[in-house]
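In UniProt numbering, the protein residues as written are 1 to 626. Where is the CB? At the ideal position from N, CA and C, for every residue including glycine. Owing to the predicted nature of the structure, the values given are computational and were not obtained by experimental measurement.
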């Protein structure tokens with residue numbers, strides 16, 4: 001199903017009738033009713049606003065917004081679909097909001113009016129045909145939407161064949177060489193990998209587990225992420241790639257088989273996340289989860305799986321609140337509720353849809369104000385529209401002075417060049433926030449992340465920012481990570497002590513056994529002991545060898561003098577005995593004894609140092625074990 005509504009004040013009634021007449025409804029599809037009713041309400045509100053003012057004669061340029069507002073699953077329950085429906089409506093209204101603000105701004109595209117063309121869709125075989133008809137009937141300058149998980153590649157393929165620039169607000173895998181007309185406000189996934197690695201290094205988590213889905217966005221960069229981690233001394237105990245209908249009990253069992261890896265890096269979608277936490281909670285297993293963007297742990301998820309998710313660190317693409325958009329969105333809701341209550345409008349809808357509208361509270365009225373909180377995707381949609389406007393303005397000064405739709409279409413390559421070079425301060429930023437919007441060489445948006453943990457405060461779970469990342473990690477030491485303020489450990493082996501070397505376990509570079517060096521050895525590096533040369537001994541911290549005794553030491557001089565005196569005395573006595581060898585007064589036995597004693601004294605003087613080593617330091621005669 002593909003619905004299109006050109007929000008033009010001149011053809012509101014015809015557009016509404018065209019939308020209804022070309023969109024078959026199925027029984028029980030409340031979410032489809034909601035999408036159609038919101039479309040008609042948007043047209044009705046804009047018509048009522050436009051009829052009160054004068055018709056503008058300014059040149060018009062259309063921007064196509066592609067939003068997956070309703071689900072293709074006709075059996076989808078409305079109560080479970082409601083949250084997704086309102087989030088998509090926020091993105092839709094964010095585009096309308098940005099265009100209205102630009103049209104009111106005299107410094108951006110003066111004398112030119114931007115017109116939004118909003119396309120609701122549901123995936124089926126005829127979508128490409130309907131898209132081609134839409135592009136032919138309404139030539140657009142650019143497209144704002146999302147590509148990948150929700151919108152199929154056929155939309156991008158057709159739009160790019162027309163050489164129309166596409167700016168996505170959520171896609172991270174661009175393949176810019178294959179898609180030269182595709183840009184993304186989201187940062188590249190590689191920057192997220194670097195942010196996660198810097199976070200692991202900062203907290204000294206060197207032994208972790210990795211869980212990801214089979215999504216090409218993450219699997220294509222999985223090896224790059226591992227190499228980046230290994231360069232920083234981080235090892236992975238196990239890597240689990242979850243597929244559709246995966247055995248989550250088996251995944252938890254695989255993670256639990258490595259008890260020293262208490263930190264799990266998670267890249268997954270919301271469905272896999274819930275199933276994984278449910279299995280962990282069932283097995284009463286505790287982990288510290290490091291969750292990559294754009295997936296975000298919500299307070300409701302943490303409250304439901306308290307045991308499994310009490311230690312959570314989550315990355316979120318940096319954004320700032322948009323109070324003006326919140327006011328705009330609330331006003332739009334009130335206007336739509338007012339039109340929704342009009343009996344004539346309800347009869348008009350029933351005439352073309354062949355059934356009555358669902359209850360007002362089930363479609364238009366929000367459950368709580370939390371559903372209207374701004375997210376980074378809302379800001380990305382606003383920034384995408386402003387990027388198009390700035391590029392058109394720069395193009396008008398050089399290529400298309402009159403800025404007609406035909407001129408823009410004829411110079412699409414030039415327009416794309418201006419888009420890639422556009423650089424501006426993000427609109428509606430707080431005074432204390434520096435946020436510049438630009439695209440890198442690959443067509444990605446700025447890589448900035450905020451790092452949060454979830455804490456239970458006064459019985460409620462709240463996000464606490466513990467740092468940020470922009471090219472490098474900027475931690476916030478003033479914020480405690482958790483209430484206990486104790487940092488979880490996730491390492492295979494602890495650092496070795498002094499005079500100890502590592503013996504790594506084969507196949508596990510982050511796991512080792514510490515072995516003490518021998519007393520006569522020094523620590524050459526963290527894996528090698530070295531024996532000191534003869535005459536040398538280790539210093540006090542075993543970091544090097546020092547000479548055991550120096551020639552100038554008093555002990556050495558005294559020992560040499562004593563040995564020399566003994567040797568000289570022995571030589572003198574021996575000479576006297578030899579000279580008087582034939583003297584009958586000297587007994588033969590006394591002569592032999594004197595000669596033996598002299599020889600013993602000489603040998604003793606020569607071998608005193610060796611005898612000292614043998615008796616006092618016998619370990620110096622033992623070769624060190626390698």
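(message) Is the separation between the beta-carbon of residue 594 and that of residue 573 shorter than 8 angstroms?
(response) Position 594 of the chain shown, counted from the start, is the residue given in the question as residue 594. Position 573 of the chain shown, counted from the start, is the residue given in the question as residue 573. The answer is yes: Cβ separation under 8 angstroms.
(message) On the CB-based measure, 16 or more other CB atoms within 10 Å of its CB, does residue 307 come out buried or exposed?
(response) Looking up residue 307 in the chain shown gives position 307. Exposed is the call here.
(request) Give the DSSP-derived three-state secondary structure of residue 310 in the structure shown. (result) By one-based count along the chain shown, residue 310 stands at place 310. Under the three-state reduction of DSSP output, residue 310 falls in the coil class, being neither helix nor strand.
(request) Measuring alpha carbon to alpha carbon, tell me which of 448, 570 and 414 ends up nearest residue 188. (result) Sequence index remark: in the chain shown, residue 188 carries index 188 (1-based). Answer by Cα proximity: 448.
(request) Over the uninterrupted beta strand (DSSP E) stretch that includes residue 536, give me the two end residues. (result) Within the chain shown, residue 536 is the residue found at index 536, counting from 1. 536-538 is the span of the beta strand (DSSP E), which, as asked, contains residue 536.
(request) Take residue 442 as the anchor and find which of 465, 181, 196 and 194 has the nearest alpha-carbon. (result) In the chain shown, the residue the question calls residue 442 occupies position 442. When 465, 181, 196 and 194 are compared, the shortest CA-CA separation from residue 442 is found for 181.
(request) Could you work out which residue in 471, 487 and 470 is closest to residue 477 when comparing CA atoms only? (result) Counting from one through the chain shown, the residue named residue 477 turns up at place 477. Selected option, being the one with the closest Cα: 487.
(message) Under 8 angstroms, with one C-beta from each stretch per pair, do the segment 394-408 and the segment 452-469 reach the 3-pair mark?
(response) Between the segment 394-408 and the segment 452-469 there are fewer than three C-beta pairs closer than 8 angstroms, too few to call the two in contact.
(request) Report yes or no: do three or more beta-carbon pairs, one from the segment 195-207 and one from the segment 463-475, lie closer than 8 angstroms? (result) Yes: at least three Cβ pairs fall under 8 angstroms.
(message) Going by DSSP in three states, residue 595 sits in which element: helix, strand or coil?
(response) Residue numbering aside, residue 595 sits at position 595 when the chain shown is read from its first letter. DSSP places residue 595 in the helix class (H, G or I) of the three-state scheme.
(message) Which of the three DSSP states is assigned to residue 460 in this structure?
(response) Start at 1 with the first residue of the chain shown, and residue 460 comes out as number 460. Strand, per DSSP.
(request) Compute the Euclidean distance between the alpha carbons of residue 473 and residue 513, then round it to the nearest angstrom. (result) Mapped onto the chain shown, residue 473 falls at position 473. Mapped onto the chain shown, residue 513 falls at position 513. If you take the alpha carbons of residue 473 and residue 513, they lie about 32 angstroms apart.
(message) If contacts are defined as beta-carbon pairs under 8 angstroms, then residue 109 and residue 102 qualify, I think. What distance do you get, rounded to the angstrom?
(response) Counting from one through the chain shown, the residue named residue 109 turns up at place 109. Counting from one through the chain shown, the residue named residue 102 turns up at place 102. Between residue 109 and residue 102 a beta carbon distance of about 6 angstroms is seen, short of the 8 angstroms cut, so the two are scored as contacting.
(request) Using DSSP bridges, identify the partner residues of residue 213. (result) In the chain shown, the residue the question calls residue 213 occupies position 213. DSSP lists 242 as partners of residue 213.
(request) Determine the direct distance from the alpha carbon of residue 268 to that of residue 224, and round the result to whole angstroms. (result) Sequence index remark: in the chain shown, residue 224 carries index 224 (1-based). Sequence index remark: in the chain shown, residue 268 carries index 268 (1-based). The alpha-carbon atoms of residue 224 and residue 268 are separated by roughly 17 angstroms.
(request) Assign residue 268 to one of three DSSP states: helix, strand, or coil. (result) Numbered from 1 along the chain shown, position 268 holds the residue referred to as residue 268. It is coil, neither helix nor strand.
(message) Assuming residue 200 is part of the beta strand (DSSP E), what are its boundary residues?
(response) Position 200 of the chain shown holds residue 200. Not the beta strand (DSSP E): residue 200 falls in the alpha helix (DSSP H), residues 189-202.
(message) Let's see if you can read the secondary structure: which residues bound the beta strand (DSSP E) around residue 64?
(response) Stepping through the chain shown from its first residue, residue 64 is reached at position 64. DSSP places residue 64 in the uninterrupted beta strand (DSSP E) bounded by 60-67.
(message) I'd like the span of the beta strand (DSSP E) that includes residue 305, first residue to last.
(response) Taking the first residue of the chain shown as position 1, residue 305 is located at position 305. No beta strand (DSSP E) contains residue 305, which DSSP labels as neither H nor E.
(message) Taking the alpha carbon of residue 248 as the reference point, which residue from 256, 235 and 276 has its own alpha carbon closest?
(response) Position 248 of the chain shown, counted from the start, is the residue given in the question as residue 248. Per the Cα distances, 276.
(request) Express the C-alpha separation of residue 494 and residue 522 in angstroms, rounding to a whole number. (result) In the chain shown, residue 522 corresponds to position 522, counting from 1. In the chain shown, residue 494 corresponds to position 494, counting from 1. Taking the straight line joining both Cα atoms gives about 21 angstroms.
(message) Excluding the 5 residues flanking residue 598 on each side, which residues of the same chain have their C-beta closer than 7 angstroms to its C-beta?
(response) What you label residue 598 is simply residue 598 of the chain shown in a count that begins at 1. Answer for residue 598: 570, 573 and 574, listed in chain order.
(request) Could you tell me whether the segment 280-288 touches the segment 163-171, using the rule of 3 or more Cβ pairs below 8 angstroms? (result) With a cut-off of 8 angstroms, the segment 163-171 and the segment 280-288 do not count as touching, because too few Cβ pairs lie within range.
(message) Between the alpha carbons of residue 492 and residue 516, how many angstroms are there, rounded?
(response) Reading the chain shown from its first residue, position 492 is the one you call residue 492. Reading the chain shown from its first residue, position 516 is the one you call residue 516. Approximately 19 angstroms between the Cα atoms of the pair.
(message) Here's a check: name, in chain order, each residue in its chain whose Cβ is nearer than 7 angstroms to the Cβ of residue 503, leaving out the five neighbours to either side.
(response) The sequence position of residue 503 within the chain shown is 503, counting from 1. Closer than 7 angstroms at the Cβ level, and outside the excluded window around residue 503, lie 512, 513 and 515.
(request) Would you kindly work out how many angstroms separate the C-alpha atoms of residue 321 and residue 490, rounded to a whole number? (result) Looking up residue 321 in the chain shown gives position 321. Looking up residue 490 in the chain shown gives position 490. Their Cα atoms are separated by approximately 35 angstroms.
(request) Enumerate in chain order the residues of its own chain whose CB-to-CB distance from residue 379 is below 6 angstroms, with the five nearest sequence positions on each side excluded. (result) For the purposes of this step, residue 379 is taken as the residue at position 379 of the chain shown. Residues 319 of the same chain have their beta carbon placed closer than 6 angstroms to that of residue 379, with the five preceding and five following residues left out of the count.
(request) Go to residue 500, then tell me how far its beta strand (DSSP E) extends in each direction, as first and last residue. (result) Against the chain shown, residue 500 aligns to sequence position 500. Counted as a single uninterrupted DSSP element, the beta strand (DSSP E) harbouring residue 500 occupies residues 500-505.
(message) Assuming contact is defined by CB atoms lying nearer than 8 angstroms, are residue 228 and residue 197 in contact in what I supplied?
(response) Looking up residue 228 in the chain shown gives position 228. Looking up residue 197 in the chain shown gives position 197. Between residue 228 and residue 197, the C-beta gap is smaller than 8 angstroms, which places the two residues in contact.
(request) Determine the direct distance from the alpha carbon of residue 211 to that of residue 471, and round the result to whole angstroms. (result) As a first step, residue 471 must be located in the chain shown, where it is residue number 471. As a first step, residue 211 must be located in the chain shown, where it is residue number 211. Taking the straight line joining both Cα atoms gives about 24 angstroms.
(message) Rounded to whole angstroms, what is the Cα-Cα separation between residue 231 and residue 190?
(response) As a working mapping, residue 231 is identified with position 231 in the chain shown. As a working mapping, residue 190 is identified with position 190 in the chain shown. Between the C-alpha atoms of residue 231 and residue 190 there is a straight-line separation of about 15 angstroms.
(request) Determine the extent of the beta strand (DSSP E) in which residue 546 is found, giving its start and end residues. (result) To locate residue 546, count along the chain shown from 1; it is residue 546. DSSP places residue 546 in the uninterrupted beta strand (DSSP E) bounded by 545-547.
(request) Tell me whether residue 448 sits in a helix, a strand or coil according to DSSP, three-state version. (result) Taking the chain shown and counting its residues from 1, the one referred to as residue 448 is at position 448. Residue state, collapsed to three classes: coil.
(message) Suppose you measure from the CA of residue 576 to the CA of residue 582; what does that come to, to the nearest Å?
(response) Along the chain shown, one-based indexing puts residue 576 at 576. Along the chain shown, one-based indexing puts residue 582 at 582. Straight across, the Cα-Cα distance linking residue 576 with residue 582 is about 12 angstroms.
(request) Would you list the residues sitting across from residue 398 in a DSSP beta bridge? (result) Within the chain shown, numbered from 1, the residue matching residue 398 stands at position 398. Paired residue(s): none; residue 398 is not in a bridge.
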